[in-house]
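Take a look at the structure:
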């Protein structure tokens with residue numbers, strides 16, 4: 471509305487149709503390309519100023535940010551992720567709150583088990599809050615929930631089960647519909663923890679190195695999850711599968727693994743937790759029998775922990791004291 475229709479037509483005649491095309495071309499060079507006497511240099515300069523103001527991101531005052539932090543502080547209190555094991559809880563310290571946490575690892579490494587324990591410990595300690603679990607594999611087992619509750623020495627199973635909301639989603643479109651129901655509708659209190667178990671089946675069939683379609687769907691989904699986490703102070707646990715590090719090397723393919731969905735996905739989350747089996751000894755080397763009963767939990771990337779705390783932090787995932 472601040473730029474006349476006549477000026478817009480003159481700019482379109484020169485091939486300038488978007489704000490980027492206008493702002494990234496030097497003012498005087500564009501003025502020379504315009505028809506003679508169609509617009510003055512002063513008027514064109516004013517157009518640049520108006521378009522710059524309309525295109526710029528809206529600034530936020532530091533005082534407003536401080537007020538926002540103070541208002542959300544009560545929701546962030548005691549937002550730690552816990553499983554009831556002292557060592558594991560120490561590793562998870564500082565990863566809760568309005569954040570996206572990836573739990574990745576090979577098959578049968580206990581990814582869902584870790585998420586179950588985090589969710590149930592939260593429900594047991596916060597009796598007025600709920601947890602949402604999105605099952606993309608059809609593998610959710612209520613008996614697992616009961617087993618963890620009993621293993622923790624608790625008997626309030628009915629309260630926990632009522633506040634654990636389970637949904638099925640076998641494609642990205644259905645997952646968006648579930649998110650609409652959980653967060654965009656007038657459904658009252660929102661879940662403080664959302665678990666997606668797992669994200670890989672939703673995207674594996676559409677992710678391709680030769681097409682950007684699948685990557686665009688992934689980026690759109692992760693952007694929405696980021697918005698949900700920030701707006702509703704929800705911790706989102708995203709379970710991801712593993713893939714081989716080097717497809718060209720047969721020996722590496724047998725051993726080395728990394729989170730699936732490519733390197734871009736790693737930077738869309740705040741933290742990546744990696745579950746892996748104990749490394750086998752070299753040929754002829756004895757392996758401690760007790761070690762073979764444990765898995766390793768590692769923070770391989772985090773925006774919330776300094777490198778001295780997270781880098782190469784290996785923690786034995788004992789079966790004792792932790793339901794597997």
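Residue numbers (my numbering): 471 to 794. Glycine included, C-beta positions come from ideal geometry on N, C-alpha and C.
Check: Which term fits residue 667, buried or exposed, when burial requires 16 or more other beta carbons within 10 angstroms of its beta carbon?; Outcome: buried
Check: Suppose the cutoff is 7 Å on Cβ atoms and the five residues either side in sequence are ignored; what does the same chain contact list for residue 501 look like?; Outcome: 511, 514
Check: Determine whether the beta carbon atoms of residue 653 and residue 606 lie at a separation below 9 Å.; Outcome: no
Check: Is there a Cβ from chain C that is less than 9 Å from the Cβ of residue 642?; Outcome: Absent here is chain C; the protein component of the structure consists of one chain.
Check: Could you give the distance in angstroms between the alpha-carbon of residue 663 and the alpha-carbon of residue 479?; Outcome: 52 Å
Check: Under a Cβ-count criterion, where at least 16 other Cβ atoms within 10 Å of its own Cβ denotes burial, should residue 752 be classed as buried or exposed?; Outcome: For residue 752, the predicted structure reports a pLDDT of 41, less than 50, and the residue's modelled location is therefore unreliable. A value from the coordinates is still provided. Counting Cβ neighbours within 10 Å, residue 752 comes out exposed, since fewer than 16 surround it.
Check: Quick check on residue 581: does DSSP put it in helix, strand or coil?; Outcome: helix
Check: Do residue 768 and residue 746 have their CB atoms nearer than 9 Å?; Outcome: yes
Check: Counting Cβ pairs closer than 8 Å, one from the region 613-628 and one from the region 583-598, do we hit at least three?; Outcome: yes
Check: Work out the CA separation of residue 485 and residue 649 for me, nearest whole Å.; Outcome: 41 Å
Check: Are the CB atoms of residue 585 and residue 687 nearer to each other than 9 Å?; Outcome: no
Check: Would you kindly work out how many angstroms separate the C-alpha atoms of residue 525 and residue 495, rounded to a whole number?; Outcome: 15 Å
Check: For residue 477 versus residue 517, is the C-beta spacing smaller than 9 Å?; Outcome: yes
Check: List the whole-angstrom C-beta distance separating residue 742 from residue 733, where the pair is believed to meet the contact cut-off of C-beta under 8 Å.; Outcome: Actually they are not in contact, since the Cβ atoms of residue 742 and residue 733 sit about 11 Å apart, beyond 8 Å.
Check: Report back the beta-carbon spacing between residue 731 and residue 644 to the nearest angstrom; my notes put them in contact at under 8 Å.; Outcome: Wrong, their Cβ atoms sit about 18 Å apart, outside the cutoff.
Check: Considering Cα atoms alone, identify which of 622, 530, 523, 727 is closest to residue 552.; Outcome: 622
Check: Could you give the DSSP three-state label for residue 570: helix, strand or coil?; Outcome: strand
Check: Are the Cβ atoms of residue 635 and residue 601 separated by less than 9 Å?; Outcome: yes
Check: Output the boundary residues of the beta strand (DSSP E) element that contains residue 728.; Outcome: 727-729
Check: Give me the residue from 647, 642, 637, 595 with the minimum Cα distance to residue 630.; Outcome: 595
Check: For residue 735, which option in 674, 701, 726, 702 has the closest C-alpha, if you only look at C-alpha atoms?; Outcome: 674
Check: What number of angstroms, rounded off, separates the C-alpha of residue 523 from the C-alpha of residue 699?; Outcome: 30 Å
Check: Between the alpha carbons of residue 758 and residue 558, how many angstroms are there, rounded?; Outcome: Model confidence at residue 758 stands at a pLDDT of 38, short of 50, so the residue's coordinates are unreliable and nothing is read from them.
Check: Is the separation between the beta-carbon of residue 604 and that of residue 637 shorter than 9 Å?; Outcome: yes
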